[in-house]
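Asks: In this note's numbering, the protein residues as written are 147 to 425. The beta carbon of each residue, even a glycine, is placed where N, CA and C say it ideally should be. Okay, handing you the structure first.
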């Protein structure tokens with residue numbers, strides 16, 4: 147039973163294994179979700195560890211998501227990058243799917259950058275737009291902090307009023323403006339999946355304050371905030387739904403739209419990671 151698992155022991159065991167393999171560990175981590183796969187080509191990779199070699203790590207099962215932990219230099223920053231994430235809809239528990247973020251913190255990561263594919267409800271959005279995540283609405287049926295709280299990992303009731311770093315958001319907007327890049331911002335709604343949204347669901351999510359909806363990111367961000375990490379998130383808008391829009395999307399179309407946006411998202415992320423000052 148999961149409630150009998152000592153997650154602190156597992157985190158420490160996994161972090162020790164990685165530390166022994168890698169030696170120097172970074173303070174910056176990236177979850178290379180949909181839209182950021184191209185960024186790996188800009189990392190001077192020093193080591194890549196397949197997930198199946200890492201003790202206690204899940205293995206990604208989604209098409210388009212590779213499964214390895216990368217260490218190397220992205221410009222002037224030494225980074226850790228997850229090439230492939232774990233989703234609740236794959237059958238993992240919340241604690242399993244967010245386990246890598248716990249390990250990142252134990253390894254000394256202070257800043258986390260995340261990306262995802264999302265369906266846009268905001269009528270100003272277009273397919274292929276990039277959206278800075280300024281806040282989120284958690285509609286997952288479970289919570290990654292449910293259960294025993296280890297004080298070594300964070301406090302019982304963490305604040306979420308600034309889950310997404312205002313200073314990193316400001317810097318990203320400056321980078322986009324300097325390079326004449328169309329960059330949107332908005333609230334990300336996190337849902338279980340794996341079905342895409344119905345027209346009524348799109349309308350509902352927009353009416354409760356959402357601008358885009360997806361099936362990841364929120365649990366990871368909650369755990370990162372619980373551990374005191376600074377977070378920046380970005381979505382690529384791969385499809386549209388809402389008032390007057392009939393959603394008609396496939397996983398292949400999502401991947402295609404994300405691929406077209408990848409170079410721009412990778413550029414913004416790379417510039418942001420190289421320009422921000424570590425706390």
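Assuming residue 291 contacts residue 372 (C-beta within less than 8 Å), just tell me the rounded distance between them.
Replies: Right, the Cβ-Cβ distance comes to about 6 Å (below 8 Å), so this counts as a contact.
Asks: If I'm right that residue 309 touches residue 282 with Cβ under 8 Å, what's the distance once you round it to whole angstroms?
Replies: Indeed, because the Cβ distance is near 7 Å, the residues count as touching under 8 Å.
Asks: So, are the CB atoms of residue 367 and residue 260 less than 8 Å apart?
Replies: Yes, these two residues count as a Cβ contact at 8 Å.
Asks: With a cut-off of 8 Å on the beta carbons, I'd call residue 363 and residue 268 a contact; round off their distance for me.
Replies: At roughly 17 Å, the Cβ-Cβ gap does not stay under 8 Å, so residue 363 and residue 268 are not in contact.
Asks: Residue 219 lies in the alpha helix (DSSP H); which residues open and close that run?
Replies: It is not in any alpha helix (DSSP H) - residue 219 instead sits in the beta strand (DSSP E) that spans 214-220.
Asks: Where residue 163 and residue 297 are concerned, what is the direct C-alpha to C-alpha distance, given to the nearest angstrom?
Replies: Roughly 23 Å separates the two Cα atoms.
Asks: Should residue 246 be labelled buried (16 or more other beta-carbon atoms within 10 Å of its own) or exposed?
Replies: Per the 10 Å Cβ criterion, buried.
Asks: Look up residue 255 in the DSSP assignment and say whether it is helix, strand or coil.
Replies: Note: residue 255 maps to coil in three-state DSSP.
Asks: Using CA atoms only, rank isn't needed, just tell me which of 251, 238 and 185 is closest to residue 229.
Replies: With distances taken between Cα atoms, residue 229 lies closest to 185.
Asks: Would you kindly report the start and end of the unbroken beta strand (DSSP E) that includes residue 378?
Replies: Where residue 378 is concerned, the enclosing beta strand (DSSP E) stretches over 376-386.
Asks: Note down the Cα distance separating residue 352 from residue 406, rounded to an integer number of angstroms.
Replies: Whole-angstrom Cα-Cα distance: 25 Å.
Asks: Got a sec? Which residues, its chain only, sit under 6 Å from residue 266 by beta carbon, not counting five neighbours each side?
Replies: Answer for residue 266: 358, 383 and 386, listed in chain order.
Asks: Helix, strand or coil, according to DSSP, for residue 277 in the structure here?
Replies: Reduced to three states, the DSSP call for residue 277 is strand.
Asks: From residue 340 to residue 360, what does the alpha carbon distance come to, in whole angstroms?
Replies: Approximately 9 Å between the Cα atoms of the pair.
Asks: Could you please give me the residues that DSSP links to residue 358 through a beta bridge?
Replies: DSSP lists 266 and 334 as partners of residue 358.
Asks: Strictly by DSSP, which residues pair up with residue 175?
Replies: Answer is 226 and 258, bridged to residue 175.
Asks: At the level of alpha carbons, what is the spacing between residue 343 and residue 388?
Replies: Each residue's alpha carbon lies about 10 Å from the other.
Asks: Indicate the three-state DSSP secondary structure (helix, strand or coil) for residue 304 in the structure shown.
Replies: In the structure shown, residue 304 sits in coil (DSSP, three-state: anything other than H, G, I, E or B).
Asks: What does DSSP give as the partner residue(s) for residue 329 in the beta ladder?
Replies: Paired residue(s): 276.
Asks: Give me the residue from 217, 155, 408 and 354 with the minimum Cα distance to residue 248.
Replies: The shortest C-alpha separation from residue 248 is found at 155.
Asks: When the Cα atoms are used, what is the spatial distance from residue 242 to residue 203?
Replies: Between residue 242 and residue 203, the C-alpha separation is close to 8 Å.
Asks: Using the three-state DSSP reduction, which class does residue 312 fall into: helix, strand or coil?
Replies: It is helical.
Asks: What's the C-alpha gap between residue 274 and residue 329?
Replies: Rounded to whole angstroms, residue 274 to residue 329 spans 10 Å at the Cα level.
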